[in-house]
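Please read the structure below before turning to the comments.
In the UniProt record's numbering, the protein residues as written are 1 to 735.
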């Protein structure tokens, strides 16, 4: 009987658990259905207006004075939302303002370049959002859309400027001054390990839930602190907010006055961490970083003295040793560009001959199938001829300078500059030939490619309109492409409206300063550090080697960042400004990369676009698996990294290739002394690094950890080790 009773109780418990599980499952299914309906309803609404605007924030982090962040804004009816970037628009917005009944205030031109306007709360005059654009027409369009959405427009002269909150104010949870019952309510607690939801980031307003929908603004909206009285303009209908009851002026503090009146968490507690400003901590870290680097500068000067010799660099530039063969290489590169133009003229002539032959065949009443077959044969013959001519020209443009740098044992500086320009020109010639070949195919098919005149996707530009092949086969068009800050050829590029000479002068001064700074870092820090690392490398003293790597990490990082800023931001922008080149996205936010492939897609946009268009996409169209196509991309990149770095230094594989035979250089008597192409293998090693960082990102599920791993691998380990190895091989070869 006891066993039967126990079995009955067990069955009842099981059925009860099943019932609870079924109830939870049905509740989850209902919630899933509701969320699907919400998502579908949101996706079905097209925004009234969308685009990038600059959004003002009333506080800064550390010493930077820039308080305008570029954000992607969308206006759906009366809902003004913003996101960090356009691709984030599928997720929850960073902020939301219901603009119905609000005031849009036009401020006009600020700083000589930004057309500014702001959205104000009609009850208190509080600034909900302050926005700007460099395009006046774009700003006016946004203001008009806001007026159509229910805002009242006014100008700055007809209003007063609401004071920004102090830096100590917690603008994330500022509450409306007219709130009396909820003014002392603390911000909602955030569970451990979770971020604030969007609703928690919105600021509570005077009318509870209803008022929140009217003035729902986020932590970044720049509200003034509650309870701060503001000056009123004469005749204005707006009134400053009154002090809430619980914020009334207190009497004198007596011996029995309660000092602990509510439940509050510590500011660094996880429940308040996300809703508290930490700009002071950022300032402290900046001060510590500055002091630590200043100490290193003083220590280096006391230990080595001043090693920089600007006069030596100036003499090297004014009176170089001279290498006639390298001078001929520069002339050879110009000849290769002119030859590419002549080859394309041959292609145009052949294409015209094909067209005339097709007309003649139609007049001779040749059957359509025969005419089509003969036209296809002529087209294949033309493309084979063009491929052979371009192959000879492009290969010669690359191999002749490589041979001269190798055979004449050119100095690293002039040889490195020549090889860099040679590789750039080689990539431009590939793009020029590939693009025009695709245009010839389009002319045979009777279609227009995107970007041509009359196509659905013309290239926006000021000045001459878009062209249609073969109108682009001119010497001037090729000359513009040869010096343009891009590696991808197209007949027409977006163009800027004017050339800013004062802007160019400032950028040139910045470029000279950063070049001097890079020379200072190289001679004063990198050179003595790597020279002192030769003995640990030879002795394989791993603790000392590790110390050398860490000591070299900081100057190589500074030198690399200086090189990036000088080349990709200053030099390419100067070149683009002089040529009125409009598309100046030479890099993206590579410093926020969380995986290796993110970095390679964002840090060098000209090379990325070239690889995508002329290597990766053709390989994928040829039915090559995407993984193999990625390997091809990194293999091509590895070859050219070695050409630019290893060949001018005459180390790596180039020190082994001598006329006596392979691996036969007298400075390398044994196998353990063989010098390896570190740049080549370093780039190929990025492929397994991509999978490793992807795995860590998926495993850890924390973007910040992935970003830390990226910085450690690239800047703390990768670059110092590469510099040390190349310097070691250079010393072995030349001493």
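Where a beta carbon is used, it is the ideal one built from N, C-alpha and C, also for glycine.
Review point. The beta strand (DSSP E) with residue 103 in it runs from where to where?
Key: 103–110
Practice item. Tell me whether the beta-carbon of residue 121 lies closer than 8 Å to the beta-carbon of residue 128. Key: yes
Exercise for review: In the DSSP assignment, find the unbroken beta strand (DSSP E) run with residue 74 in it and report its ends.
Suggested key: Here the beta strand (DSSP E) through residue 74 covers 68–76.
Review point. Quick one: does the C-beta of residue 67 sit closer than 7 Å to a heavy atom of the ligand HEM?
Key: Absence of the ligand HEM from the depicted structure is noted, as is the absence of any ligand whatsoever, leaving it without description.
Practice item. Tell me whether residue 349 is buried or exposed, calling it buried when 16 or more other Cβ atoms sit within 10 Å of its Cβ. Key: It counts as exposed.
Check your understanding: Out of 549, 431, 265, 134, which has the shortest C-alpha to C-alpha gap to residue 341?
Key -> 431
Point to revise | Contact check, residue 336 vs residue 396, beta carbons under 8 Å | key: yes
Check your understanding: Which first and last residues belong to the beta strand (DSSP E) in which residue 98 is found?
Key -> Residue 98 -> beta strand (DSSP E) spans 95–98.
Check your understanding: When DSSP labels each residue in this structure, what does residue 522 get in the three-state scheme?
Key -> helix
Point to revise | Contact check, residue 279 vs residue 272, beta carbons under 8 Å | key: no
Review point. Under 8 Å, do residue 622 and residue 632 count as touching if we go by C-beta distance?
Key: no
**Study point:** DSSP beta-bridge partners of residue 83
**Key:** 72
Exercise for review: For residue 529, collect the residues of the same chain with a Cβ closer than 6 Å to its Cβ; drop the 5 residues on either side in sequence, then sort them by chain order.
Suggested key: 551, 552
Exercise for review: For residue 55, name the three-state secondary structure that DSSP assigns.
Suggested key: In the three-state DSSP reduction, residue 55 falls in the strand class (E or B).
Review point. Taking all protein chains shown into account, do 16 or more other C-beta atoms lie within 10 angstroms of the C-beta of residue 679, making it buried, or fewer, making it exposed?
Key: buried
Point to revise | residue 722 versus residue 593: straight-line alpha-carbon distance, rounded | key: 21 Å
**Study point:** Whole-angstrom C-beta distance between residue 106 and residue 138, which should lie under 8 Å
**Key:** Rounded, the Cβ-Cβ distance is 13 Å, inconsistent with contact.
Practice item. Please name the residue or residues paired with residue 119 in a DSSP beta bridge. Key: 104, 129
Check your understanding: Pick from 112, 516, 263, 81: whose alpha carbon is nearest that of residue 92?
Key -> When only C-alpha atoms are compared, the closest one is 81.
Point to revise | Segments assigned alpha helix (DSSP H), at least 4 residues, entirely inside the region 356–420 | key: 368–407
Review point. The alpha helix (DSSP H) spanning residue 701 covers which residue range?
Key: Premise fails: residue 701 is in no alpha helix (DSSP H) and is neither H nor E.
Check your understanding: How many whole angstroms separate the CB atoms of residue 469 and residue 443, which I take to be in contact at a CB cut-off of 8 Å?
Key -> 6 Å
Practice item. Spatial neighbours of residue 526 within its chain, please: CB distance less than 8 Å, with the 5 preceding and 5 following residues excluded, ordered by chain position. Key: 552, 555, 556, 559, 723
Practice item. Counting only the same chain and skipping the five closest in sequence on each side, list residues whose C-beta sits under 7 Å from that of residue 696. Key: Counting only residues of its own chain and dropping the five nearest sequence neighbours on each side, residue 696 has a CB closer than 7 Å to the CB of 706, 709.
Practice item. Run the CB neighbour count on residue 418, radius 10 Å, all protein chains shown included, and call it buried at 16 or more, exposed below. Key: buried
Point to revise | Distance, residue 94 Cα to residue 199 Cα | key: Note that residue 199 scores a pLDDT of 36, beneath 50, so its modelled location is shaky; the value from the coordinates is reported in the next line. Using only the alpha carbons, I get a separation of about 10 Å.
Check your understanding: Cα separation between residue 307 and residue 331?
Key -> 36 Å
Exercise for review: Name the residue from 692, 498, 123, 429 whose alpha carbon lies nearest to the alpha carbon of residue 576.
Suggested key: 498
Review point. Is residue 144 near residue 113, with beta carbons less than 8 Å apart?
Key: no
Check your understanding: Based on the DSSP secondary-structure assignment, which residues constitute the bridge partners of residue 114?
Key -> 110
Exercise for review: Give me the Cα-Cα distance between residue 439 and residue 28, rounded to the nearest whole angstrom.
Suggested key: 55 Å
Review point. In whole angstroms, what separates the C-alpha of residue 682 from that of residue 638?
Key: 8 Å
Review point. Span of the alpha helix (DSSP H) holding residue 155?
Key: Premise fails: residue 155 lies in the beta strand (DSSP E), 152–155, not in any alpha helix (DSSP H).
Exercise for review: Find out if the Cβ-Cβ distance for the pair residue 49, residue 102 is shorter than 8 Å.
Suggested key: no
Check your understanding: When you compare only the Cα positions, how much space is there between residue 399 and residue 640?
Key -> 12 Å
Practice item. Using the Cα positions of residue 471 and residue 727, report the straight-line distance between them to the nearest angstrom. Key: 50 Å
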